[in-house]
Amino acid sequence: MLPVTTLHSLALLCEVATAFISLLIFQRSIRELRWAWLIIAIGLSMMAIRRIGLVFNITRSEHYDLIDASLSLPIAACLLLGILGLNKLLISQENKRLLIETLAQFDPLTNSYSRSQILYRISAEIERSKRSHRSFSLLEFDIDHFKYVNDQFGHLVGDETLTGLVKLTKEVIRTGDSLGRIGGEEFLILLPETDSLEAAALAQRLLTYIENATIETRAPKPIKITVSIGITTFCPQDSPNIERGILLNEIIRKADIAMYEAKKNGRNRLAIWSPLQAPN
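For the sequence shown, the residue numbers in our numbering are 17 to 296.
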């Protein structure tokens, strides 16, 4: 009887482990598959409970089936190995999904938000601003004479300069602000619940901080840069019934116009959008 109870006990351990792993998969699986993994976990738990009753009856009555006992362990082991394989596959797929989401959300060079992600955040902020009736501001900036850096030191140094710029910018902006790269050396900073005066004050701090800083690269000497910043502020009461997509394009257009106004006025400065800047 001892070999029989040993086989059933080992099968029981395999079934308990399989049910436990199934519950772990259930907790982290996508919504569409959670019900299936829950049913599998319940079924495996019921098998384990049945196995406990079987072992108890064998020890009490000493009646047993050697063939059934011999088959129970490999069956339970196969179930455990199968669930372990599925778990490994699901973890691999989850890692790939997280990698894809990360690549979609962040610019791979600078680790700031990607173009699509910063535009999504601005779009969401438009809706939030309409609900809360509070303004938000947007800064657009790029590096002054960045072509000189690339021409003088090469594109690798240019890439390191962009990375350094993002690091400096993150040291100035607030925790709730969002920094995204929209192309080349151009960036957007979303400032939630921020009026034009507050945005101008933050932009001035950023200008001064970058102007006084140096960026370490593979170039023979540290790189010094300046930026030009355009500022626009979205006031929900000024455009209550305009579609969100139109508002998104409009606020970015205004920030872009203001940034080029700052460049036109000498660079290394900020400009706040006004209707007088709009091109004819």
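Glycine is no exception: its CB is placed at the ideal position from the N, C-alpha and C atoms.
Just so you know, these numbers come straight off a predicted model, no measurement behind them.
Neighbourhood of residue i by C-beta distance below 8 angstroms, restricted to the same chain and skipping five residues each side
{"i": "Pro236", "result": "none"}
{"i": "Asp211", "result": "Ser151, Ser153 and Thr249"}
{"i": "His149", "result": "Pro252 and Gln253"}
DSSP state of residue i mapped onto helix, strand, coil
{"i": "Asp123", "result": "coil"}
{"i": "Ser153", "result": "strand"}
{"i": "Thr249", "result": "strand"}
{"i": "Glu259", "result": "coil"}
{"i": "Ser139", "result": "helix"}
{"i": "Glu117", "result": "helix"}
{"i": "Ile241", "result": "coil"}
{"i": "Ile205", "result": "strand"}
{"i": "Asn296", "result": "With a pLDDT of 46 at Asn296, under the threshold of 50, the modelled position of that residue is not reliable, and the figure given next carries that caveat. Three-state DSSP puts Asn296 in coil, outside helix and strand."}
{"i": "Ile46", "result": "coil"}
{"i": "Ser88", "result": "helix"}
{"i": "Arg131", "result": "helix"}
{"i": "Gly196", "result": "strand"}
Buried or exposed by the 16-neighbour rule on C-beta atoms within 10 Å, applied to residue i
{"i": "Gly192", "result": "exposed"}
{"i": "Tyr129", "result": "buried"}
{"i": "Phe152", "result": "buried"}
{"i": "Leu40", "result": "exposed"}
{"i": "Arg67", "result": "buried"}
{"i": "Asp160", "result": "buried"}
{"i": "Ala57", "result": "buried"}
{"i": "Met62", "result": "exposed"}
{"i": "Ala52", "result": "exposed"}
CB of residue i within 8 angstroms of CB of residue j, strictly
{"i": "Ile142", "j": "Arg260", "result": "yes"}
{"i": "Thr126", "j": "Thr177", "result": "no"}
{"i": "Ser145", "j": "Phe42", "result": "no"}
{"i": "Ile37", "j": "Leu119", "result": "no"}
{"i": "Ile231", "j": "Val243", "result": "no"}
{"i": "Asp175", "j": "Phe203", "result": "no"}
{"i": "Ser131", "j": "Gly196", "result": "Per the sequence shown, the amino acid found at residue 131 is Arg instead of Ser. Cβ atoms of Arg131 and Gly196: closer than 8 angstroms."}
{"i": "Ala239", "j": "Val182", "result": "Here the sequence assigns Ile to residue 239, which means Ala is not the residue at that position. Contact: no."}
Best match in the options for proximity to residue i [C-alpha to C-alpha]
{"i": "Arg234", "options": "Asn228, His171 and Ile226", "result": "His171"}
{"i": "Ile198", "options": "Glu227, Trp53, Ile134 and Lys104", "result": "Ile134"}
{"i": "Pro290", "options": "Ile247, Ala217, Leu184 and Ser151", "result": "Contrary to the premise, residue 290 reads as Ser rather than Pro in this sequence. Nearest of Ile247, Ala217, Leu184 and Ser151 to Ser290, Cα basis: Ile247."}
{"i": "Tyr136", "options": "Arg147, Ser148 and Phe122", "result": "Phe122"}
{"i": "Cys94", "options": "Leu29, Leu207 and Ile65", "result": "Leu29"}
{"i": "Leu70", "options": "Arg50, Arg47, Ser45 and Leu23", "result": "Leu23"}
{"i": "Arg44", "options": "Leu60, Leu106 and Gly59", "result": "Leu106"}
{"i": "Ala35", "options": "Ile267, Glu266, Gly98 and Ser139", "result": "Gly98"}
{"i": "Val188", "options": "Arg221, Glu209 and Gln168", "result": "Arg221"}
Beta-carbon proximity list for residue i, same chain, < 7 angstroms, skipping 5 on both sides
{"i": "Ser255", "result": "Leu263"}
{"i": "Ala216", "result": "Ile247, Leu286 and Ile288"}
Other residues of its chain near residue i: CB distance less than 6 angstroms, five sequence neighbours each side excluded
{"i": "Leu155", "result": "Ile205, Ala219, Ile245 and Ile247"}
{"i": "Leu89", "result": "Leu23, Leu26 and Ala27"}
{"i": "Ala271", "result": "Leu154, Glu156, Gly246 and Thr248"}
{"i": "Leu48", "result": "The displayed chain sequence assigns Glu, not Leu, to residue 48. None."}
{"i": "Gln109", "result": "none"}
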